[in-house]
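Visitor: Reading the sequence shown from the start, the letters are residues 201 to 1262 in my numbering.
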Amino acid sequence: MSNGNYTGEMHLEALRMLEEGRNEEAREILRKLENTRGVAELAVSRVIEKLNVVLIQEPGVLVGVEKEVQWIQRGLMCFGVIHGYDFTEKLMDAAYDFEDVIDDLVLRSAAKQRRGGNWERCILVIRIHKKLEMIKSKILYLFRAQAPVPMSSRTSKFLEEMEWSPLFSIPSQNLEDTVVSPVKEKLSAVLDLKALHPDTKKKSRRVLDELESLSSFLKGLELVCLDDKAVVWMEKLSDVSLSAVVGIEDFINNNQQLRKKSWMGSPLGKSKSQHDFGMKMDQIYAKIQELSISKPEKATQVQGQSREFIKSEKHIPPQQTTQNPHLASFDDDVHAMMTRLLAADKSFRVIPIMGMEGIGKTTLAKLIFHNKAVVDHFPFRAWPSTTASSTIGDSRQILLDIIKQLMNYKMRVTRDAVASSEQEEMMQKLKAFLINNRSLIVMDDPSDFYYWDGLLRVLADTSNGSRMIWITRKMSLPPNLKTRSDPHPLRLRADEESWALFTHALKVRIPSELQELKERIVRRCGGLPLLIVKLAEALSQKDATIEEWSRALQQLCHDQEKVWSNTLCRIYKDLSLHMRRCLFSLTLFPHDSDTPTRRLITLWVAEDLVQTEGNNEAPEDVAESCLDLLIAQGMVQLSKKKLNGNVKTVRLPDALTQYWLSKAQQARALGDHNYTRSELFPGNHMIRRLVDHLDRDDITFDHIHGGCNTSSTSLTHYYQDVLSFRSFDTRRKIESEEEIGNFLGRCISSNCFLFLWVLDLENVFKPKLPEALGELTRLRYLGLRSTFLEKLPSSISKLRNLQTLDIKHTNISILPNSIWKLQQLRHLYFSEGYRSKLKPQPSIGSLTTLQTLCGLFVDEETPIKDGLNRLLNLRKLGLAMSSRPKAMSTQVQAVTDWVLNLKHLRSLRIKSIDDNNQPGDLELKPLTGHLNLSCIFLFGRLRNPSIVSQFPPSLIDLTLSGSELTEDPMQSLNKLPNLRSLKLFAKSYLGKSMHCSLGGFPQLRVLKLWKLDQVEDWKVEKGALQALRDLEIRYSERTPILPEELLDRSPFLKIDVKLAQL
C-alpha cells in the first residue's frame, strides 16, 4: 500500500476482489477495516478522556501549551467524527504520541512540585514542544490526504461547540474478565515505569487497546452458547493472553534487576531489554489482531459506540412549566429586578436575565411583567409573541408585534397604518413613540433579531426611564450591550426555595410519612426549576407511597443527563483552568452534606486554586468572586442563605456530582487502580488530595483506621506527595481520637506529608495531634473547628507558612505566645464559648497580615496596646470582653481606639459579658468612616446610645442585644439604605413605642424582634418596610399587636409570632 489513504485503498482492493468473485477475501478485508477503525476510535477516545481528566484535576500543567493542546484535541475529534477514523494506523500513531505528551506534562508538574528538578523540567519542556509540533504535522497530513468532506454551516457550528465537550465515552470495560484483566494489569504497571522509551509505550498501548476492543464482544459471548469454532477461538485468545502476561512479567523483572545492579542502570542493557519487549508486543499485537478479525459471528457487536453517543446528543428544546410557581421561590430575584427596573435613573437600560436552560428565566420575567408596581410604573409594555427570527420576515413580524402592543394603548386608529409601513417608517414611528412614553419591552434571546441594533439605537435615544428585559442563556454580553446593561444572572434555587416550588407544583397533598423525602427531593433536582416542576407533575400522577416516589426519583436521575449537558459543555469550553480546579475540589466533600463558604474560600486560597492579578488584590476576594461566578453560571448550587442574603453553604448539583464521580472512576479504570475517593496525580497515580469518608472499600481506609499494620514503604508509596488531607470522620468515639493521630504520626515518621498544605479535621472528635506536627513546615491550613480538642502541640510555632488556624468550638483555653511568630497567618479563629485567650506578644514577631480574628476573649492581661492594636489589616473582628469595671477601663479604651482605626473592617462582633455571661457595659465610637463595614453584632449596654444613628451606610446586617436603648431605634436605623437584616434581641430597646415611617428600611428583608416586652405600640406607615419578607416576633409576657399595614401583606410577608423559650 502507498502512504496515501490506506483505508481508501483497502476499500478499493475489497471492491476489486468482489468484482473478481473473491468474496471471502473481500469480506476479510472489510472485517479487518471495521476492527481497526474500532481500535482507532478507542485509542482516540481514551486519550481525549485522559486529557479531560487532566483538565479537571491538573489544569495547571497546560500553562504555556494550552492552545496547541486544544488544536490537537480538536483535530483528533474532528477527524474521528467527520472522517470515520480513516487512516487508522496514522491516526493511532498521533493519538499515542499525544498521550505520551500528556504524561510528560503531568511529569513536568510533578518535577515542579518536588524538590529541585530544574534540569529535569527544562528537558521536559523542550521535549514537549517538539512533540506537539510533530503531532500537529501528523494531523495536518491526515486532513490534507483525506478527500474533502462537504460541511454545512450547521456542521461547522456543531464542531465549534464541541471543542471542549466530553463527547467521547469510554466503552464498557469488563475488568473482571479473566482474559483481558491480567494483561491489562501488567501493561498498566509497565506504563507506570520511569524512563520508558516512547516506542515501547506506544506498542504497549496498542496491545492494550486491541485487547480492550474485545471487551464488549467477550461480554456478549458469555450470553450465548458457544459452538466448537468459538471454543477453539477462546482457547487461542487465552493462550495469547497467557503469553503476553509471561512476556510482560519477564520485562518487569529484568528491568528491576538492571536497576539493582547499578544505581543508574546499564543504558545498553536497558535499551536491549526494551527493544526485545517491543518486539514481543509486536508479536502479541499481530496475534490479537488476527483473532479480532476471525472472531465468531454470533456475538459480533457493532463498533463505534462513541459516534452513536455523539449522534444522540441533541439540543433539548426549552420547556415551559405548566404551574405558575409561588413567588417565594423567586422572591429575591424579583426584588433585585424590581430595584433595577424602578430605579430613578432616566437613561435607557437593558436588564438581561441570564441562565441555563430550565432555570426559570421566562418565569421570572412573567412575575415581573405582571407585577402591579411594574404595570403602574410602565404605562406601555410589550412582550412579542414569538422570537423565532431566523428570517427577515420573522423579524419584521416581531417588530410589528412590539409596535402593536405599545401603541395599542393610545393609537388604535393608526395601528393599521403602522402595520403597512416599511422598515424605516416603522422605526421612525416607534422612535417618536418611545421618546415620549416610558416603556418596558421583554425580548426572549433576540440575538438573531434582524432589527436588534436598530431597536437598541432607538431606545438609547430615550431619557424617560424606559427599560428592556433580555432573556438569554448566554453568560456573556455582546459589545453593544455592555455599556448600558445591568445583568441579573439567575442562580439555581436554594433548598427552601426548591421545596416551596415543589409543593406549589404538586397537585396532591404530601402525607406526613413522605415528608422524610424532602431532602432527597431537593438534592436530586439540584435547584433547577424545570426538574422540580417535572418531578412534581410526575409524582402527582403516582400513588403517594415511599416506593412509588423513590422510583420516580431514580428515573429523574436518568433524565438529568440531557438537561445538564449544556452546563457540562460550558465547564470545558468557558471556564478557566483555575476555575475548573475550584469546581472539581467540591467533589472531595461528602455528597450528602453542604460546604460552608467560609471553609471553601480559605481552602481555595491555601491550595493556590485562585490567582490574583495585582498586589492590592486579596486572594480571598478572588476566591469569593470565583464562587459567585460559579453560582451565577449554574455550576454550583447555593443551598442555604444567611439572613442578610449572603451565601452560607453551597454544594455541587446532584447531576454534576454524579458526572465527576463517573469521570474519576473511569480515570481509575484506565489504570486499573484500587478504589479511592481521594484525588490522584494523573502521572504516577499517587494520592494528591487525601480524603477520609469512612468508606471501608476505599484503599486508604485501612491505612487510616486499621491500626499500625501498614508498613513505612506502603505509606511512602501512597502519601509521599500528598498536598491536602481532609477527614470527614464525625463519629463521637474514642477510637476516632486515636486513629487520626496515629495515622498522622506514622506518615510523618515515614517522611510522608512533607508537602502538605492543608490539614482539615473539622468535626473530627478530639484527634490526638502528634508533636511531630511541627515538621509539616509547608502547612497553610489547620482546621480543627468543632473537634473539642483540649490542647495544641507545642511544635505549632514551627508552622511558619500557616495561613489559617481554626480552633473554634474546641476546649483550648489559651494559645502560646509563639503564635505571634506565624507571620503568614491570615485567619485566626478562637473558641469564644471557652473564653480562649492569647498570651502577650514576644519581643520578636507580629501578625500584620492577619485579616480575621474571631472569638478572642479580652481580659486585663490581653496584649491590646502595642500588640493587637497594630493589626490594622483586619477585615473581620470578633471579641468577647470582660466587663469588670475597674480592671478593664484601660483595655476598653484601647479596644475602642483600635476598632476606630480598622478602616478595612467588614464585620464587627463585640460582646461585653460578666462572669455569668450577662451583658455588661459596651463602649464604642461612631463608625461612619468604616465604608466597608457590612455586618455588626453588639451585645451589651451601649454607653454611647447615639452610636445607633452613626452606623455606616454600607451596613447590611445589624444585631443588637442587651443594648438597653431608651429612644426608638427605628427612627435612626430606617435611613440605612442597604440594611437587609435587623435583629433586636432581649433588652435591646426598653421604650414603649416604635414607629416605621414612609420610605423607611427600603431594602430590609428580615426583621426579628425578641422579648421587647415593654413595647406597647408599633406603627408602620404605608410605604414603610416595603421589601420585608420575614418577620419573627418572640414574646415572654403579653401577646404583641401587629400593625395592620403588615397584616395586609400576606402571602408575600411571612409572619411568625410565638412564645419565647425560657
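Heads up, the beta-carbon is just placed ideally off N, CA and C, and yes, glycines get one too.
#1: How about Leu1231 and Phe1201: are their beta carbons less than 8 Å apart?
#2: Can the beta-carbon of Leu634 be found less than 8 Å from the beta-carbon of Leu659?
#3: Would you identify the three-state DSSP class for Ser356, choosing helix, strand or coil?
#4: With DSSP as the reference, label Ala582 as helix, strand or coil.
#5: Do Asp482 and Leu242 count as a contact pair if the criterion is CB distance below 8 Å?
#6: Going by CA-CA distance only, name the one from Lys1008, Thr1159, His329, Asp1168 that's closest to Glu990.
#7: Taking the straight line between their C-alpha atoms, what separation do you get for Ser529 and Tyr772?
#8: Can you tell me whether Gln837 is helix, strand or coil according to DSSP?
#9: Could you tell me if Val822 is buried or exposed, where buried requires 16 or more neighbouring beta carbons within 10 angstroms of its beta carbon?
#10: Assign Arg169 to one of three DSSP states: helix, strand, or coil.
#11: In the structure shown, what three-state DSSP assignment does Pro1119 receive?
#12: Sorted by chain position, which residues of the same chain lie with C-beta nearer than 8 Å to Thr341's C-beta, five sequence neighbours on each side aside?
#13: For Ser413, which of Leu491, Phe1057, Leu1068, Asp921 has the nearest alpha-carbon?
#14: Give the C-beta separation of Leu1263 and Ala294 to the nearest angstrom, bearing in mind that I take them to be a contact with Cβ-Cβ under 8 Å.
#15: Counting C-beta neighbours from all protein chains within 10 Å, is the total for Tyr918 16 or more, i.e. buried, or is it exposed?
#16: Look up Cys1054 in the DSSP assignment and give the residues it is bridged to.
#17: Should the stretch 696-712 be called in touch with the stretch 844-864, which here means at least 3 C-beta pairs below 8 Å?
#18: Which class does Met1081 belong to by DSSP, given the choice of helix, strand or coil?
#19: Less than 8 Å separating the beta-carbons of Leu1242 and Leu1253?
#20: For Leu923 and Phe901, which I take to be in contact (beta-carbon distance under 8 Å), what is that distance rounded to the nearest angstrom?
#21: Would you call the CB atoms of Asp695 and Lys840 closer than 8 Å?
#22: Got a sec? Which residues, its chain only, sit under 6 Å from Arg1035 by beta carbon, not counting five neighbours each side?
#23: Is the separation between the beta-carbon of Val640 and that of Arg684 shorter than 8 Å?
#24: When DSSP labels each residue in this structure, what does Tyr919 get in the three-state scheme?
#25: From what residue to what residue does the alpha helix (DSSP H) around Met1170 run?
#26: Would Trp957 and Ala806 be called neighbours here (beta carbons separated by less than 8 Å)?
#27: Quick one: what's got a C-beta closer than 7 Å to Gly1055's C-beta in the same chain, skipping five residues either side?
#28: Which same chain residues end up closer than 6 Å to Leu542 when comparing Cβ atoms and leaving out the 5 residues on each side of it in sequence?
#29: For chain C, find out if any of its Cβ atoms is closer than 8 Å to the Cβ of Asp821; answer yes or no.
#30: Kindly indicate the opening and closing residues of the beta strand (DSSP E) around Arg851.
#31: Suppose you measure from the CA of Trp583 to the CA of Met643; what does that come to, to the nearest Å?
#32: Do Asp743 and Gly665 come within 8 Å of each other at the CB atom, strictly closer than that value?
#33: Under DSSP, the alpha helix (DSSP H) around Glu1232 begins and ends at which residues?
#34: List the whole-angstrom C-beta distance separating Leu1127 from Pro1153, where the pair is believed to meet the contact cut-off of C-beta under 8 Å.
#35: What residue range does the alpha helix (DSSP H) around His1195 cover?
#36: Compute the beta-carbon to beta-carbon distance between Thr1276 and Val850, rounded to the nearest angstrom, for a pair I have assumed lies under 8 Å.
Guide: So, from the listed chains and residues:
#1: no
#2: yes
#3: Because the pLDDT of Ser356 is 36, which lies under 50, any placement of that residue in the model is unreliable, and the question is left without a value.
#4: strand
#5: no
#6: Lys1008
#7: 30 Å
#8: strand
#9: buried
#10: One cannot answer for residue 169 here, as it falls past the ends of the chain, which runs 201 to 1262.
#11: strand
#12: According to the sequence as given, residue 341 is Tyr; it is not Thr. Correct list, in chain order: Lys290.
#13: Leu491
#14: Any answer about residue 1263 is impossible in this case: the structure gives the chain only from 201 up to 1262.
#15: buried
#16: Tyr1029
#17: no
#18: strand
#19: no
#20: Contact flag wrong, Cβ pair sits at about 20 Å.
#21: yes
#22: Phe1057
#23: Residue identity check: residue 640 is Leu in the sequence provided, not Val. Not a contact, by the Cβ cut-off of 8 Å.
#24: helix
#25: 1170-1173
#26: yes
#27: Lys1008, Tyr1029, Phe1030, Ser1031, Glu1032, Ser1036, Gly1078
#28: His577
#29: Of the protein chains in the structure, only one exists, and it is not chain C.
#30: 847-851
#31: 7 Å
#32: no
#33: Run containing Glu1232: none in the alpha helix (DSSP H); it sits in the beta strand (DSSP E), 1230-1235.
#34: Contact flag wrong, Cβ pair sits at about 11 Å.
#35: Run containing His1195: none in the alpha helix (DSSP H); it sits in the beta strand (DSSP E), 1193-1196.
#36: Nothing in the structure corresponds to residue 1276, since the chain is present only between 201 and 1262.
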